[in-house]
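Numbering (my numbering), first residue to last: 307 to 550.
Okay, here's the thing in structure tokens:
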């Protein structure tokens, strides 16, 4: 598979949103939210946008505290972790105010484990005015709407949904090193329900088979009844008794 970014509608829309946040008129709030189900390409899109726009990227984890979050952001800005939270906030604000860069926080659902993390992030945004984009799962938008002080600062709400067949073609042509015939592409798209992550898995398996078989392109008949995905086995909820 080729390491290239497929410019799907989701990807183009997200890049446009980040650009609008970076170049927003004075007085306009500049926070954004990207959310969606697993496998919709959020993290990949954020990595691309962050690299293209010289952003600051951190990934929240379940064990984060306010100090952990501020330390990670400080390090990404070229600083170091400090004992006092106030000192790190001061450093972060100073750096972002002097050189405005978008701040991307992936797995942002974890931030709501401690309201102080949300409050500290809001302070950083209010004082620096640098764009802050949160990335989370499908329920994060509802969670944020329940936090009025934070939600009112978000002017860009972006949901990543399944890609259509036209975007599936863009993904196949951009990423796959062998040709994918229309009938096989349609089959992959249907079986994956438009989930781009699952489509990449399927295309990787198809490409591997094609190279092993010496095929320049692959159609539905070539693929046959092979499995497209690495799905987990389905187990019965009934526990078997010892000796059965």
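Positions of the beta carbon are idealized from the N, C-alpha and C atoms, including for glycine. Quick caveat: nothing in here was measured; it's all calculated off a predicted structure.
Spatial distance of residue i from residue j (CA atoms)
i: residue 438; j: residue 308; result: 31 angstroms
i: residue 402; j: residue 435; result: 8 angstroms
i: residue 370; j: residue 452; result: 22 angstroms
i: residue 508; j: residue 489; result: 14 angstroms
i: residue 343; j: residue 513; result: 26 angstroms
i: residue 424; j: residue 524; result: 49 angstroms
i: residue 374; j: residue 363; result: 14 angstroms
i: residue 392; j: residue 365; result: 21 angstroms
i: residue 442; j: residue 348; result: 8 angstroms
i: residue 491; j: residue 357; result: 30 angstroms
i: residue 417; j: residue 457; result: 14 angstroms
i: residue 526; j: residue 493; result: 8 angstroms
i: residue 390; j: residue 372; result: 11 angstroms
i: residue 528; j: residue 510; result: 15 angstroms
i: residue 506; j: residue 471; result: 14 angstroms
i: residue 531; j: residue 482; result: 20 angstroms
i: residue 467; j: residue 312; result: 15 angstroms
i: residue 382; j: residue 419; result: 22 angstroms
i: residue 328; j: residue 444; result: 25 angstroms
i: residue 332; j: residue 450; result: 24 angstroms
Distance CB(residue i)-CB(residue j) smaller than 8 angstroms
i: residue 394; j: residue 377; result: yes
i: residue 361; j: residue 399; result: no
i: residue 484; j: residue 521; result: yes
i: residue 300; j: residue 476; result: With the chain represented from 307 up to 550, any question about residue 300 goes unanswered, as that position is not in the structure.
i: residue 261; j: residue 341; result: Summary: the structure shown does not reach residue 261, with the chain confined to residues 307 through 550, and so no result is reported for it.
i: residue 352; j: residue 464; result: no
i: residue 479; j: residue 314; result: no
i: residue 462; j: residue 326; result: yes
i: residue 339; j: residue 440; result: yes
i: residue 354; j: residue 380; result: no
Where residue i falls, given that 16 or more other Cβ within 10 Å makes a residue buried
i: residue 454; result: exposed
i: residue 345; result: buried
i: residue 387; result: exposed
i: residue 254; result: Because the chain here runs from 307 to 550, residue 254 falls outside it and cannot be looked at.
i: residue 495; result: buried
i: residue 310; result: exposed
i: residue 460; result: buried
i: residue 504; result: buried
i: residue 499; result: exposed
i: residue 518; result: exposed
i: residue 404; result: exposed
i: residue 336; result: buried
Residues that residue i bridges to, as DSSP identifies them
i: residue 432; result: In the DSSP output, where bridge partners are listed per residue, residue 432 has none listed.
Check: Three or more beta-carbon pairs under 8 angstroms between the segment 313 to 321 and the segment 402 to 419, yes or no?
Finding: no
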